[in-house]
Amino acid sequence: MTTERELREKLRKITALFEGATTMGERSAAAAAIDRVRKALAAMVQTEPAIEMQFTLADQWHRRLFAALCRRYGLHPYRYKRQRHTTVMVRVPRSFSDKTLWPEYLELTRALDEYLNEATERIIREEVYRDARDAPERAG
């Protein structure tokens, strides 16, 4: 079972991997790593135009995670009026999205989903009923 502390450590490691940091270091090292990624993104914008990209994210937790990740890198997530709440738009160079933003989001999502699933199952088993399995399928 993953503890919250273990989840936080895992998220820091994933972040460090995508920011190019070789050690976890202190807050100043983390800030410097984020600054390096932002500078790399700014350099990309000079050679590769930022394009409007649309992302569809299933629920509020995934949207919040993606928006926070965008904001960390100085990007501004938004959606247009009448767009579904599952839609998040962002102007970003495609290569940054493909090589950094989206892969990091997927790794963070896997870690958070694993933790939330474990916590949900444990709470259901302890507080509602010990059998928390999905309902089985029946024919016809």
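Add 11 to a position in the sequence shown, counting from 1, and you land on the number used in the numbering used here. For every residue, glycine included, the Cβ atom is placed at its ideal position computed from N, Cα and C.
Exercise for the section: Tell me whether Val139 sits in a helix, a strand or coil according to DSSP, three-state version. Expected result: coil
Practice task
For Pro3, count neighbouring C-beta atoms within 10 Å of its own C-beta (all shown protein chains included) and say buried if the count is 16 or more, exposed if not.
Solution key: No answer is possible for residue 3: it lies beyond the span of the chain, which begins at 12 and ends at 151.
Practice task
Check Glu156 in the structure and name its three-state DSSP category.
Solution key: A question about residue 156 goes unanswered here, because the residues of the chain that appear run from 12 up to 151.
Handout entry: Close beta carbons around Lys21, own chain, < 6 Å, minus the five adjacent residues each side
Key = Ala122
Exercise for the section: Would you tell me roughly how many angstroms separate the C-alpha atoms of Arg83 and Gln94, rounded to the nearest one? Expected result: 24 Å
Problem - Sub-9 Å separation of Ser106 and Met64 beta-carbons - result: no
Practice task
Can you have a look at Arg74 and say buried or exposed, based on whether 16 or more other CB atoms are within 10 angstroms of its CB?
Solution key: buried
Handout entry: Backbone CA spacing between Thr67 and Arg141 [nearest angstrom]
Key = 34 Å
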